[in-house]
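Student:
Protein chains in written order, with our numbering: chain A, 180 to 282; chain B, 687 to 1041.
#1: Work out the CA separation of residue 986 of chain B and residue 817 of chain B for me, nearest whole Å.
#2: Taking 8 Å as the threshold, find out whether the stretch 700 to 709 of chain B comes into contact with the stretch 978 to 996 of chain B through three or more Cβ pairs.
#3: Nearest to residue 881 of chain B by alpha carbon, out of B:836, B:782, B:895, B:932?
#4: From the DSSP output, which residues share a beta bridge with residue 702 of chain B?
#5: Going along chain B, which residues have a C-beta under 8 Å from residue 265 of chain A?
#6: For residue 707 of chain B, which residues in the same chain have their Cβ closer than 8 Å to its Cβ, ignoring the five residues on either side in sequence?
#7: For the stretch 689 to 709 of chain B, which residues have a CB atom closer than 8 Å to at least one CB atom of chain A, in sequence order?
#8: How would you call residue 226 of chain A, buried or exposed, if buried means at least 16 neighbouring beta carbons within 10 angstroms?
#9: Strictly under 7 Å for the Cβ-Cβ distance: is residue 234 of chain A near chain B by that measure?
#10: Should residue 241 of chain A be labelled buried (16 or more other beta-carbon atoms within 10 Å of its own) or exposed?
#11: Does the Cβ of residue 867 of chain B have 16 or more other Cβ atoms within 10 Å, making it buried, or fewer, making it exposed?
#12: If we cut at 7 Å on Cβ distances, does residue 1017 of chain B have a partner in chain A?
#13: Using a Cβ-Cβ cut-off of 7 Å, state whether residue 227 of chain A counts as contacting chain B.
#14: Going by the DSSP bridge assignment, what does residue 868 of chain B pair with across the sheet?
#15: Could you tell me whether the Cβ atoms of residue 771 of chain B and residue 892 of chain B are closer together than 7 Å?
#16: Between residue 748 of chain B and residue 948 of chain B, is the Cβ-Cβ spacing less than 7 Å?
#17: With a threshold of 16 other CB atoms inside 10 Å of the CB of residue 937 of chain B, please say whether the residue is buried or exposed.
#18: Step through the CB atoms of chain A and report whether any lies within less than 7 Å of the CB of residue 943 of chain B.
#19: I want to verify the contact list: residues of chain B whose CB lies under 8 Å from the CB of residue 268 of chain A, in sequence order.
#20: Closer than 7 Å by beta-carbon distance: list the chain B residues that pair up with residue 274 of chain A, in chain order.
#21: Can you tell me where the alpha helix (DSSP H) with residue 753 of chain B in it begins and where it stops?
#22: Would you report the Cα separation of residue 784 of chain B and residue 919 of chain B, rounded to the nearest angstrom?
#23: Tell me the residue span of the alpha helix (DSSP H) that contains residue 228 of chain A.
#24: Name the chain A residues that come within less than 8 Å of residue 948 of chain B, Cβ to Cβ?
#25: What residues of chain B sit near residue 191 of chain A, judged by a beta carbon separation below 9 Å?
#26: Given a cut-off of 7 Å, decide if residue 864 of chain B and residue 185 of chain A are closer than it, judged by their beta-carbon atoms.
#27: What residues in its chain sit with their C-beta under 8 Å from that of residue 733 of chain B, if we drop five residues either side in the sequence?
#28: List the whole-angstrom C-beta distance separating residue 695 of chain B from residue 218 of chain A, where the pair is believed to meet the contact cut-off of C-beta under 8 Å.
#29: Following the continuous alpha helix (DSSP H) through residue 798 of chain B, name the residue where it begins and the one where it ends.
#30: Round the Cβ separation of residue 1022 of chain B and residue 965 of chain B to the nearest angstrom and send it over; I've been treating them as touching at under 8 Å.
#31: Between residue 726 of chain B and residue 1039 of chain B, what straight-line distance do the alpha-carbon atoms span, to the nearest angstrom?
#32: Can the beta-carbon of residue 724 of chain B be found less than 7 Å from the beta-carbon of residue 718 of chain B?
#33: What residue from B:830, B:746, B:821, B:720 has the CA that sits closest to residue 729 of chain B's CA?
#34: In angstroms with no decimal places, state the Cα-to-Cα distance between residue 903 of chain B and residue 885 of chain B.
#35: Just checking: is the beta-carbon of residue 244 of chain A within a distance shorter than 7 Å of some beta-carbon in chain B?
#36: State the Cα-Cα distance for the pair residue 854 of chain B and residue 248 of chain A, rounded to the nearest angstrom.
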């Protein structure tokens, strides 16, 4: 059989597995091996500041939006703080470029 | 300290923001340096300081996701991520995790039939034995095998006798098609099925123990595949990032992410992760492995204490278990930073002297 075809086939299996099963499976393991149940209770938002109120309202009413916003925010904040710290480390003279792998 | 008290509306508690920053920073350094998610440190740490358990894992996932993006990105820039190897290793993980989880379910049923918590006992003891054995092996490798290899190398270079094949070379010699090559990891040729089998076993352990498995994958990449340590760390973090993203999304959807706590922790973790990843540049592979061995030894000790607590019900042992893991993580974190600063300073001094 054509070598390119075999490589492509393996790649397809890998991508399919990652997309459908591997990530959820390993993620559940990270969380203790069990799929957690949904928390349905409503959080009271009276007396909260605007930032907290916004999050709590979204948590109570639009759980999908809450999940997407939380994940997106984590990603954005991670990149931003990471970028900032990278600059600071460079300023202090630490090298952050490619390394030669040595044992 | 009251000014740092933060109200977390979703979890419904007040929590010290400095503590969250500190835990995040510590796990960030360790995660970036060892290539692990660090849930095994964060969850007990949050729990011991009074964070409600239903939100601990989800919040942990959220910050792990952000932190692993920082670490993977930086490791990628340093040339420490073998994307192809990372994806390939994941292909072996799926049936492994599934088989491990199925075995747990079987044991659960059998335990119910017998009338006691069979799973808890078997999982915890397996975890303890595995962590301690892995730590001992890594220390043995550092203190004995490395020295022996160096002596053999010197002796063999003096004589014309061909060198004995290492275990990794024997594994790579298995010619079971399709063969794969990973230029970045300097693996010229290895059978896909070998990788599949190794990571099937890693996945099995992961599924059986109910853990993310970063602490299994990293040594497997080094000792069985022959990946350089820094590359193993970066590649493992890439896998952690994918898990973390999915975990964050699903746990948030289930209402188990306390976003404010996750945000504060992430600030600490992102800074810590940068320092941890930078330290990989300044500390040699064997040094990373030795520190990792000590870290998992303490993790094993912490679980051992928890197991003794579950057998004897002596409350102090449970607290001690949390204290052991937090203290060892803190000390390790300081050690990594001190090593980073000393090595960076020495390198700068040498460069100045050369110029």
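The beta carbon of each residue, even a glycine, is placed where N, CA and C say it ideally should be.
Tutor: Reading off the structure:
#1: 5 Å
#2: no
#3: B:782
#4: B:691
#5: 760, 960
#6: 950, 951, 953, 954
#7: 693, 695, 696, 698
#8: exposed
#9: yes
#10: exposed
#11: exposed
#12: no
#13: yes
#14: B:873
#15: no
#16: yes
#17: buried
#18: yes
#19: 960, 961, 964
#20: 967
#21: 739 to 763
#22: 24 Å
#23: Residue 228 of chain A -> no alpha helix (DSSP H), and no H or E assigned at all.
#24: 249, 253
#25: What residue 191 of chain A touches in chain B: nothing, since even the nearest Cβ is about 11 Å away.
#26: yes
#27: 739, 742, 1008
#28: Contact doesn't hold; Cβ gap of about 13 Å is too wide.
#29: 769 to 800
#30: 5 Å
#31: 44 Å
#32: no
#33: B:746
#34: 8 Å
#35: no
#36: 45 Å
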